[in-house]
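Here's the structure, in structure tokens; my notes come after.
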Amino acid sequence: DPDQGLHDEL
Amino acid sequence: MNVFRLLGDISHLLAIIILLLKIWKTRSCAGISGRSQVLFAVVYTARYLDLFTSYISAYNSIMKLVFLAASYGTIYLMFIKFKASYDHNHDTFRIEFLILPCVLLSLLINHEFSPLEILWTFSIYLESVAILPQLFMVSKTGEAESITSHYLFALGSYRALYILNWIYRYYAESHYDVIAIVAGIVQTVLYCDFFYLYITKGIYGQ
Numbered sequence: 121d122p123d124q125g126l127h128d129e130l
Numbered sequence: 012m013n014v015f016r017l018l019g020d021i022s023h024l025l026a027i028i029i030l031l032l033k034i035w036k037t038r039s040c041a042g043i044s045g046r047s048q049v050l051f052a053v054v055y056t057a058r059y060l061d062l063f064t065s066y067i068s069a070y071n072s073i074m075k076l077v078f079l080a081a082s083y084g085t086i087y088l089m090f091i092k093f094k095a096s097y098d099h100n101h102d103t104f105r106i107e108f109l110i111l112p113c114v115l116l117s118l119l120i121n122h123e124f125s126p127l128e129i130l131w132t133f134s135i136y137l138e139s140v141a142i143l144p145q146l147f148m149v150s151k152t153g154e155a156e157s158i159t160s161h162y163l164f165a166l167g168s169y170r171a172l173y174i175l176n177w178i179y180r181y182y183a184e185s186h187y188d189v190i191a192i193v194a195g196i197v198q199t200v201l202y203c204d205f206f207y208l209y210i211t212k213g214i215y216g217q
């Protein structure tokens, strides 16, 4: 699962 | 950052600028769905609250502020400054039928049950259907000004480019976000009918 919590996309 | 995401953000920015220019230059918001614009403002507000909690990059923060300012600016132009030109009769899509299911779904399917994450998830789900009132309005009026169809083409292309960005990130960074990807595919699919019309015969002046 990807590293959640930090959404680096707009 | 990759070229697909950069082109996607530029396409998104272009769409918002085209819309603002259309309303400002023609001093009219005829043919534009105010309901969709309200949904977009809700999407950006719910998604960009992390402006205050996490810093990604100057680009990320500046673009978030631009999208927020532009969406509220569009609402101001539509509902206050040029409110006389707002086409109430054709902008009738029941947005509560979009918002409520997105709220429920974001509470059920999310990455983490925390306020910011739920709001982000809600904004992702809502964005995927936020254009429906606008597409519904175009289908009701049976046409769209050419500038409005360019707006829709740029707006639809932005998330299509993001799908390419997600494919790239999956292979290059083994990073993926199922929620964003599924919602992004739904969002892009909703434009397919419009894309077909736009490309085959330019739906304006029908």
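So the protein sequences, as listed, match chains A and B. According to the working numbering, the first sequence is numbered sequentially starting from 121. According to the working numbering, the second sequence is numbered sequentially starting from 12. Ideal placement from N, C-alpha and C gives every residue a C-beta, glycine not left out.
Other residues of its chain near residue i: CB distance less than 8 angstroms, five sequence neighbours each side excluded
{"i": "B/S72", "result": "L62, Y66"}
{"i": "B/Y209", "result": "S160, L163, F164"}
Alpha-carbon to alpha-carbon, residue j and residue i
{"i": "B/R58", "j": "B/D98", "result": "28 angstroms"}
{"i": "B/L146", "j": "B/P126", "result": "31 angstroms"}
{"i": "B/F124", "j": "A/H127", "result": "15 angstroms"}
{"i": "B/L4", "j": "B/L175", "result": "Any property of residue 4 of chain B remains undetermined from this structure, which presents chain B solely from 12 to 217."}
{"i": "B/F78", "j": "B/L17", "result": "15 angstroms"}
{"i": "B/Y70", "j": "B/M12", "result": "10 angstroms"}
{"i": "A/P122", "j": "B/T64", "result": "A caution first: A/P122 carries a pLDDT of 45, below 50, which makes its placement in the model unreliable, though a value can still be read off. Distance between the alpha carbons of A/P122 and B/T64: 20 angstroms."}
{"i": "B/L201", "j": "B/L143", "result": "8 angstroms"}
{"i": "B/T211", "j": "B/G153", "result": "16 angstroms"}
{"i": "B/L116", "j": "B/I91", "result": "33 angstroms"}
{"i": "B/C203", "j": "B/L76", "result": "29 angstroms"}
{"i": "B/S178", "j": "B/V14", "result": "Correcting the residue identity first, residue 178 of chain B is Ile in this sequence and not Ser. One C-alpha to the other measures close to 12 angstroms."}
With 16 other Cβ atoms within 10 Å as the buried cut-off, status of residue i
{"i": "B/E138", "result": "buried"}
{"i": "B/Y55", "result": "buried"}
{"i": "B/G19", "result": "buried"}
{"i": "B/R170", "result": "buried"}
{"i": "B/Y207", "result": "exposed"}
{"i": "B/N121", "result": "buried"}
{"i": "B/A191", "result": "buried"}
{"i": "B/S185", "result": "exposed"}
Close beta carbons around residue i, own chain, < 6 angstroms, minus the five adjacent residues each side
{"i": "B/V149", "result": "A155"}
{"i": "B/L109", "result": "V140"}
{"i": "B/C40", "result": "I34, M89, F93, S96, Y97"}
{"i": "B/R24", "result": "Reading off the sequence shown, one finds Leu at residue 24 of chain B, where the question assumed Arg. No residues qualify anywhere along the chain."}
The ligand COA heavy atom lying under 7 angstroms from the CB of residue i
{"i": "B/Y187", "result": "Annotation note on the ligand COA: not contained in the displayed structure, which lists no ligands."}
Cβ shell of residue i (< 7 angstroms), same chain only, five flanking positions each side left out
{"i": "B/S47", "result": "A141, I142, P144, Q145"}
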